[in-house]
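Undergrad: First to last, the sequence lines map onto chains G and Z. If you read the first sequence in the numbering used here, its first letter stands for residue 1, the second for the next number, and so on. If you read the second sequence in the numbering used here, its first letter stands for residue 1001, the second for the next number, and so on. Beta carbons: idealized from backbone N, C-alpha and C, even for Gly. All values reported here derive from a predicted model rather than from experimental measurement. Below: one structure in structure tokens.
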Amino acid sequence: MKSLLDQLAFALAIAAGIFVLLLAGLLGFNAVRGKVSTLVNSRQVVRLHEELRRQPKDETLKQHIRQLDLQLRQETFYRLSLSQNASRALLGGFVIFLLSAHWTRTRTKQFPNPLAWGARKPEQETRSTRWAQIGVTTGIALVAFTAVLATPVRLPEPLPVELPVSDEEYRQAWPAFRGPTGAGNAADANVALPWTIHWKTPVPLPGMSSPVIWSNSVFLTGASATEDRVFRFDADTGKLLWSAVVPGTKPPAPKTTDDTGLAAPTPVTDGRRVYAVFPDGMVAAFEFTGKPVWSKNIGPLDNSYGYAASPAFYRDRLLIQIDRGDAEEGQSKLLALDAKTGRELWQVKRPVAGSWTSPVIIERNGQQELLTCANPFVLAYNPVDGAELWRVKCLSDDCAPSPVLAGNVVVAVAPNNAVFGVQPGTTNVLWRTDEGVPDASSPVSDGVRCYFVDPNGLLTCWNATTGKSVWTQELGNQFYASPTIAGGTLILLSRKGVAHVLATGESYRLLGKFEFGEECNASPVPRGHRLFVRGKQNLFCVESAAK
Amino acid sequence: MILAAQRFPPPEFSETGHQLPGFTAPAARALSLERLDMAVLIGALTLAAWLAFRQRSRRGLVWLGIFSVLYFGFWRKGCICSIGSIQNLALGLADSSYAVPVIAIVFGLVPLVVALFFGRIFCSSVCPHGALQDLVLLKPVTVPVWLEHPLRLIPYTYLGLAIIFAATGGGFIICQYDPFVPLFRFSGSAAMVLTGVGFLVAGIFIGRPYCRFLCPYGVLLGLAGNVAKWRVRITPADCTQCRLCEKSCPFNAIEPPPLAAPARNVAGNKRRLTWLLAAMPVIIVLVGWLGGVTGTTLARKHRLVNLAERIQLEDAGKVTGPTDASAAFRTSGTPTEELFAAARQLQHRYILAGRLAGIWIGLVIALKLITLATRRPRHDYEANRIRCVACARCYRSCPEELKRLGLPMPET
């Protein structure tokens, strides 16, 4: 006969058991419900936020979102509080269940009677051991089977080995528009006059892009209304090694002026592949063998004179500046593509108007920065993630000359207005001059002075640090090509194809001239004792007698 | 329970200009409290040994178990625990730049040292995981022998995997997949909360399922306890072979004296043993090879290998959209080649570690099969030194113990 206490304990165990089960079910339901209606998961919130992006000034919508946000947060906190309290109640219920169940079991437990079990049987125990052995063996087989199944039948192929190109290798080449630093300066080159034409090779398609060089390869781009092409020439012989069409569906050719053309952006190379951007929006990468690696359309890139910005390269990524329309239209952006695959890594909006300048990688305080220019800002970014580092508001109009780092001063040009010396990392404009302001060609610097030439051929030498004029000289020609410095020699290439060779320094000193015999708009590229020049029809390699 | 998923972004105050307070990290546990934890551990182990061997008190161990659940479990939130601390020790041995916290050393090694003298006394009532399961055991059912033995191999495998992952930087899987810590904390992923509840529900019927069939630390304690000087002695006098103790143990930890095998089986048993001894190196090599084969799969647990594979798949266009990790990597500017090189190196380390773990598991399997094929001479019912957790249930089941205590024999 059970005592009242035993009966009570039994009843309590049953009641506590039911309570625990019900509460556990409720908690489970609450957890599932919480997953589908929290602020994070609410489709309604996502939809309203999307709507707000389309109508950013809709105050009613904003109010609606706020109310919904508050409601969902209140619900979430209520559910959390409910969960916490229910968990504690669950624990309490479980403890009561255990205590009462233990009590009931202890009171009703029968002490076993060994006599009823009979004698142990050897056969039975041997069989039991045998089954244990079979169990272990089966266990091994199951584990082995699972392990083999879990292993991919086809193991991941060896991951491609591609050692990064060293900074030194990159600096030794002329891998991008205006060289590895974008300054147009090759300190170790020596192209002293007199020159002789080493070779001259026709370029199959027209373009304003300048040559880039890696080892003994010269790369160029060219385009027509029907195709975009990349060319590789042998630097020693001038032989056209290959001419590769950009794969993919070519977008319609954009409206452009003859002065910009359909292949103004200079390609860039990292020593493994060559990358080219075309004004129709196509971007492509080719191996040095001419085999296409990837291509994609990032367009539209159209702007009033035609797209002209050359891409920059940083470590493993291609950085493309796309400036279009007015600043208020918000069409301008900076885009980073994975060099190996063409995958977009990031893009950031730029608060600037359309421009024709090219971005430049500069080094400041041991860190690399991407320097850009467009009306109204000189703007620097972190090339890793596109984060803005600093900006200076000083530019205006249609910016085409690219910025250059002269010593510790950034020289930027606002065409038809002024040339500015800007202190990087600050908002300071150190100096400005409206003398000899270029409209297409970029400035160049020997580290102390900077040189720039205006559309009418007025060459100005300016001390970048002090902001004082050093000298000016009328050259009497029109210049689109950005000047280049090779060793102590300043080379300016006029549109008529005449190279003006000057000595850099505190005074104007013309060393001589050289005529290429055809129109030249691309920037000359010095390498050792040679100078590579793209003319309207031909690619030239001239060799210095200093060799 | 508060699920880890129940988190949400902070409100946006872009228009009001309200500044959200920054994130704050909870302060580390005070050093004085850590010292208290270590002192409590050593005190609890001493008390457990005294209760189990001197007092032979099941009730005392139950109360100590309740204390351990409350202190080491709910109060200390189950961390750091001795089970998980073996990962700290493994990482400390593999990576010289990692300084193992003193508390991890104490929690990892002291129970092992104690086990060298007193067996698995830690499991009896000091480990909150074991004590919790012990407390919920209401109606034990006997796990059949054919199932018990293969299941008992799982902890050895788990130990091998835990050491691999900890030593190679792949993570502390014992902590990640601990079923009871989320219960102690009232917080955790839904899957682990459910697993913990599942273990507790199973524990109502199956004695200590986690300790017996999963706990990697129990393996080490069992091996240490195998050489212990003091161990659970069921009867205080001569064993009457009544088998009551065997039936009282819910953990299949009491072994009867072997019966003489039928004559016709003797020759077969000898032959089987010879074959098993001969097959031992083959089993070890085979399982070692298998461990090496699974090394590449195991390597995926490492975040770098996982990321490298993801990047590779994304680049090959086999998956769409970046994950948070791959997007963060791509904006970091680190060349993918560097990542791939590191991932390949890790894969090789995992293959090597997998082979070593496989050899270990193969050795355990081979020894298990040999043990099953042999009969150790034994005259009385004895607690298995590896399996016994010193819970003291068997003491009061022994008529000789009752006689010693002057208690009446219960009615059957």
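Under the three-state reduction of DSSP, which class applies to Val1113 (chain Z): helix, strand or coil?
TA: By 1-based counting over the second sequence, the position of residue 1113 (chain Z) is 113. Helix.
Undergrad: Measuring straight from C-alpha to C-alpha, what distance separates Pro156 (chain G) and Val212 (chain G)?
TA: In the first sequence, the residue the question calls residue 156 (chain G) occupies position 156. In the first sequence, the residue the question calls residue 212 (chain G) occupies position 212. Since pLDDT at Pro156 (chain G) reaches only 47, below the 50 mark, its modelled position is unreliable, and the value read off the structure follows with that caveat. If I take the Cα positions, the gap works out to 37 Å.
Undergrad: Quick check: is the beta carbon of Gly1333 (chain Z) nearer than 8 Å to any beta carbon in chain G?
TA: Along the second sequence, one-based indexing puts residue 1333 (chain Z) at 333. Yes - at least one Cβ of chain G is within 8 Å of the one on Gly1333 (chain Z).
Undergrad: Run through the region 1037 to 1083 of chain Z for me and flag every whole alpha helix (DSSP H) of 4 or more residues, listed as ranges in chain order.
TA: The qualifying runs are 1058 to 1068.
Undergrad: Measure the beta-carbon distance from Gly184 (chain G) to Ile485 (chain G) and round it to whole angstroms, keeping in mind my assumption that it falls under 8 Å.
TA: Against the first sequence, residue 184 (chain G) aligns to sequence position 184. Against the first sequence, residue 485 (chain G) aligns to sequence position 485. 7 Å between Cβ atoms; contact.
Undergrad: Got a sec: which bits of the region 1339 to 1366 of chain Z sit with their beta carbon under 8 Å from any beta carbon on chain G, in order along the chain?
TA: Under the 8 Å Cβ criterion, the region 1339 to 1366 of chain Z contributes Phe1340, Ala1341, Ala1343, Arg1344 and Ile1365.
Undergrad: Confirm, please, whether the CB-CB distance from Ile1042 (chain Z) to Val1110 (chain Z) is below 8 Å.
TA: Indexing the second sequence from 1 puts residue 1110 (chain Z) at position 110. Indexing the second sequence from 1 puts residue 1042 (chain Z) at position 42. Yes, they are a contact pair.
Undergrad: Inspect the beta-carbon positions of Ala374 (chain G) and Cys394 (chain G) and report whether they are closer than 8 Å.
TA: As a working note, residue 374 (chain G) is residue 374 in the first sequence. As a working note, residue 394 (chain G) is residue 394 in the first sequence. In this structure, Cys394 (chain G) does not lie closer than 8 Å to Ala374 (chain G) by Cβ.
Undergrad: Quickly, what does DSSP pair Met282 (chain G) with across the bridge? List them, please.
TA: Position 282 of the first sequence, counting from 1, holds the residue named residue 282 (chain G). DSSP lists G:Asn297 as partners of Met282 (chain G).
Undergrad: Would you say Pro1256 (chain Z) reaches chain G, if we count a Cβ-Cβ gap shorter than 8 Å as a contact?
TA: For the purposes of this step, residue 1256 (chain Z) is taken as residue 256 along the second sequence, with counting starting at 1. Answer yes: the Cβ-Cβ gap between Pro1256 (chain Z) and chain G drops below 8 Å somewhere.
Undergrad: Excluding sequence positions up to five away, which residues of its chain have a Cβ less than 8 Å from the Cβ of Trp1075 (chain Z)?
TA: Taking the first residue of the second sequence as 1, we reach residue 1075 (chain Z) at position 75. If we look at Trp1075 (chain Z) and ignore the five residues flanking it on each side, it has no Cβ neighbours.
Undergrad: Among Z:Arg1120, Z:Thr1142 and Z:Ser1248, which has the Cα closest to the Cα of Ala1224 (chain Z)?
TA: Residue 1224 (chain Z) sits at position 224 when you count from the first residue of the second sequence. The option with the nearest alpha carbon to Ala1224 (chain Z) is Z:Arg1120.
Undergrad: For Met282 (chain G), count neighbouring Cβ atoms within 10 angstroms of its own Cβ and tell me buried if that reaches 16, exposed if not.
TA: Sequence index remark: in the first sequence, residue 282 (chain G) carries index 282 (1-based). The residue is buried, with at least 16 neighbouring Cβ atoms inside 10 Å.
Undergrad: Hey, does Ile361 (chain G) have any beta-carbon neighbour from chain Z nearer than 8 Å?
TA: Within the first sequence, numbered from 1, the residue matching residue 361 (chain G) stands at position 361. Chain Z contact via Cβ: absent.
Undergrad: Within the chosen definition, does the region 318 to 332 of chain G reach the region 124 to 144 of chain G through at least 3 CB pairs nearer than 8 Å?
TA: They do not touch, by the three-pair rule.
Undergrad: Please go through the same chain and pick out, in chain order, the residues whose beta-carbon is closer than 6 Å to the beta-carbon of Arg1378 (chain Z), but skip the five residues on each side of it.
TA: Position 378 of the second sequence, counted from the first residue, corresponds to residue 1378 (chain Z). The answer, listed in chain order, is Pro1257.
Undergrad: For Ser243 (chain G), which residues in the same chain have their Cβ closer than 6 Å to its Cβ, ignoring the five residues on either side in sequence?
TA: Along the first sequence, one-based indexing puts residue 243 (chain G) at 243. Within the same chain, Ser243 (chain G) has close Cβ partners Pro204, Arg229 and Phe231.
Undergrad: Helix or strand or just coil, what does DSSP make of Ser81 (chain G)?
TA: Residue 81 (chain G) sits at position 81 when you count from the first residue of the first sequence. Three-state result, Ser81 (chain G): helix.
Undergrad: Just the chain G side, please: which residues come within less than 8 Å of His1379 (chain Z) by C-beta, in chain order?
TA: For this step, residue 1379 (chain Z) is matched to residue 379 along the second sequence. Residues of chain G passing the Cβ test: none, with the nearest at roughly 14 Å.
Undergrad: Anything in chain Z within Cβ reach of Lys393 (chain G), meaning under 7 Å, just list it in chain order.
TA: Reading the first sequence from its first residue, position 393 is the one you call residue 393 (chain G). Ordered by position in chain Z, no residue passes the 7 Å Cβ test against Lys393 (chain G), which lies about 24 Å from the chain.
Undergrad: Given this structure, state the Cα-to-Cα distance separating Gly421 (chain G) from Val410 (chain G), to the nearest angstrom.
TA: Taking the first residue of the first sequence as 1, we reach residue 421 (chain G) at position 421. Taking the first residue of the first sequence as 1, we reach residue 410 (chain G) at position 410. About 6 Å.
Undergrad: Could you work out which residue in Z:Thr1168, Z:Ala1308, Z:Arg1349 and Z:Ala1341 is closest to Phe1329 (chain Z) when comparing CA atoms only?
TA: Looking up residue 1329 (chain Z) in the second sequence gives position 329. Phe1329 (chain Z) has its Cα closest to that of Z:Ala1308, out of Z:Thr1168, Z:Ala1308, Z:Arg1349 and Z:Ala1341.
Undergrad: Please name the residue in G:Gln124, G:Pro202 and G:Gly407 whose C-alpha comes closest to that of Pro424 (chain G).
TA: Reading the first sequence from its first residue, position 424 is the one you call residue 424 (chain G). Pro424 (chain G) has its Cα closest to that of G:Gly407, out of G:Gln124, G:Pro202 and G:Gly407.
Undergrad: So which residues on chain Z does Ser224 (chain G) lean against when the C-beta distance must stay under 8 Å?
TA: Here residue 224 (chain G) is taken as the residue at index 224 of the first sequence, counted from 1. The contacting residues do not exist; Ser224 (chain G) stays about 31 Å from chain Z at best.
Undergrad: Strictly under 8 Å for the Cβ-Cβ distance: is Thr1323 (chain Z) near chain G by that measure?
TA: Residue numbering aside, residue 1323 (chain Z) sits at position 323 when the second sequence is read from its first letter. So no, Thr1323 (chain Z) is outside the interface.
Undergrad: So which residues on chain G does Phe1205 (chain Z) lean against when the C-beta distance must stay under 8 Å?
TA: One-based indexing of the second sequence puts residue 1205 (chain Z) at position 205. Within 8 Å Cβ-Cβ: nothing; Phe1205 (chain Z) doesn't reach chain G, min ~12 Å.
Undergrad: Roughly how many angstroms lie between the CA atoms of Met1038 (chain Z) and Leu1137 (chain Z), to the nearest whole one?
TA: Taking the first residue of the second sequence as 1, we reach residue 1038 (chain Z) at position 38. Taking the first residue of the second sequence as 1, we reach residue 1137 (chain Z) at position 137. Approximately 28 Å, taken between the alpha carbons.
Undergrad: Specify, as a first and last residue, the run of the beta strand (DSSP E) that Ala499 (chain G) falls within.
TA: Taking the first residue of the first sequence as position 1, residue 499 (chain G) is located at position 499. Taken as a continuous stretch (DSSP letters only), the beta strand (DSSP E) holding Ala499 (chain G) covers Val498 to Ala503.
Undergrad: Consider the Cβ of Val283 (chain G): report whether some Cβ of chain Z lies at a distance smaller than 8 Å.
TA: Here the question's residue 283 (chain G) lines up with position 283 in the first sequence. It does not: the Cβ of Val283 (chain G) has no partner Cβ on chain Z nearer than 8 Å.
Undergrad: On a CA-only basis, which of G:Thr489, G:Gly535 and G:Arg495 is nearest Pro194 (chain G)? Give me that one, please.
TA: By 1-based counting over the first sequence, the position of residue 194 (chain G) is 194. Nearest of G:Thr489, G:Gly535 and G:Arg495 to Pro194 (chain G), Cα basis: G:Thr489.
Undergrad: Alpha helix (DSSP H) containing Lys1403 (chain Z): first to last residue?
TA: For the purposes of this step, residue 1403 (chain Z) is taken as the residue at position 403 of the second sequence. First-last of the alpha helix (DSSP H) with Lys1403 (chain Z): Pro1399 to Leu1405.
Undergrad: Which residues in the same chain have their Cβ closer than 7 Å to the Cβ of Ser210 (chain G), if we skip the five residues on either side of it in sequence?
TA: Position 210 of the first sequence, counting from 1, holds the residue named residue 210 (chain G). Excluding residues within five positions, the ones whose Cβ falls inside 7 Å are Phe177, Thr266, Ala522, Ser523, Val525 and Arg534.
Undergrad: How would you list, in chain order, the residues of chain G whose beta-carbon sits under 8 Å from the beta-carbon of Cys1242 (chain Z)?
TA: Within the second sequence, residue 1242 (chain Z) is the residue found at index 242, counting from 1. Pro114, listed in chain order.
Undergrad: Just verifying my parser: in three-state terms, what is the DSSP assignment at Tyr1217 (chain Z)?
TA: For this step, residue 1217 (chain Z) is matched to residue 217 along the second sequence. In the structure shown, Tyr1217 (chain Z) sits in a helix (DSSP, three-state: H, G or I).
Undergrad: Closer than 8 Å is the cut-off here; do at least three beta carbon pairs connect the region 1242 to 1250 of chain Z with the region 1186 to 1197 of chain Z?
TA: Segments in contact, no.
Undergrad: Does any residue of chain Z bring its CB to less than 8 Å from the CB of Ala144 (chain G)?
TA: Counting from 1 along the first sequence, the entry for residue 144 (chain G) is found at position 144. Yes, its Cβ sits closer than 8 Å to a Cβ of chain Z.
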